[in-house]
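Beneath this line is the structure, given in structure tokens, with notes to follow.
Numbering (the working numbering), first residue to last: 52 to 200.
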């Protein structure tokens, strides 16, 4: 399980050093192989351990090709998906195209989501948190109750 929020820096080559606390889990679950792709709803990237991505990809492939929205979803998520392997120092190279798409600069926020991570531009992450904290608390309370939380 990937939990927590970590602030990290990209190096000059666009490599992200995965925190040591996650490297062992990634080594065990996926031989340090991950897939990076876009997020359709937020200005961030999704980083999946390879087996988690393969499960998502199977669902995407099963979507009907004649459905316009399904085609869009497949084009975005599968089309932008890049497989990477952590190097011996626990780093992965984030593709320039993906970094540019969500304006990832030097300062990155890595957000654990259980089975995957989100990668955010640190300033955009702070804006997102401020926006989410301004949500209607009554509505949020109802949603949490529906989820049994």
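Backbone N, C-alpha and C define an ideal beta-carbon position, used for all residues, glycine too.
Near residue 91, which residues of its chain fall below 8 angstroms by C-beta distance, leaving aside the five closest residues on each side in sequence? Only 124, 127, 128 meet the Cβ criterion.
Exposed or buried, residue 115, counting other C-beta atoms within 10 Å across all chains shown (16 or more means buried)? By the neighbour-count rule (16 or more Cβ atoms within 10 Å), residue 115 is not buried but exposed.
By Cβ distance below 6 angstroms, which residues in the same chain neighbour residue 133 in space, the five residues on each side in sequence not counted? Correct list, in chain order: 87, 146.
Go ahead and pull the three-state DSSP assignment for residue 97. DSSP places residue 97 in strand when its eight states are reduced to three.
Quick check on residue 98: buried or exposed, where buried means 16 or more other Cβ atoms within 10 Å of its Cβ? It counts as buried.
My output table needs one value for residue 155: the three-state DSSP class, helix, strand or coil. Here residue 155 sits in coil by DSSP.
Throw me the rounded Cβ distance for the residue 89 and residue 149 pair, which I believe falls under 8 angstroms. Right, the Cβ-Cβ distance comes to about 7 angstroms (below 8 angstroms), so this counts as a contact.
Where residue 66 and residue 139 are concerned, what is the direct C-alpha to C-alpha distance, given to the nearest angstrom? Counting only the Cα atoms, residue 139 lies some 13 angstroms from residue 66.
Using the Cβ count rule (16 or more neighbours within 10 Å means buried), how would you classify residue 118? With fewer than 16 Cβ atoms within 10 Å of its Cβ, residue 118 is classed as exposed.
Give me the Cα-Cα distance between residue 103 and residue 75, rounded to the nearest whole angstrom. Each residue's alpha carbon lies about 16 angstroms from the other.
Between the beta-carbon of residue 158 and the beta-carbon of residue 173, is there less than 9 angstroms? Closer than 9 angstroms, so yes.
In angstroms with no decimal places, state the Cα-to-Cα distance between residue 142 and residue 122. When rounded, the distance between both Cα atoms is 32 angstroms.
Taking Cβ positions, are residue 108 and residue 179 nearer each other than 9 angstroms? No; because the gap between Cβ atoms is not below 9 angstroms, this pair is not in contact.
Between residue 197 and chain C, is there a C-beta pair that is closer than 9 angstroms? Here chain C cannot be found, since the structure has a single protein chain.
Report, in whole angstroms, the separation of the C-beta atoms of residue 170 and residue 101, which I expect to be a contact under 8 angstroms. A Cβ-Cβ distance of about 16 angstroms is found for the pair residue 170 and residue 101, leaving them out of contact under the 8 angstroms criterion.
Can you give me the start and stop residues for the alpha helix (DSSP H) that residue 76 sits inside? Boundaries of the alpha helix (DSSP H) around residue 76: 71-81.
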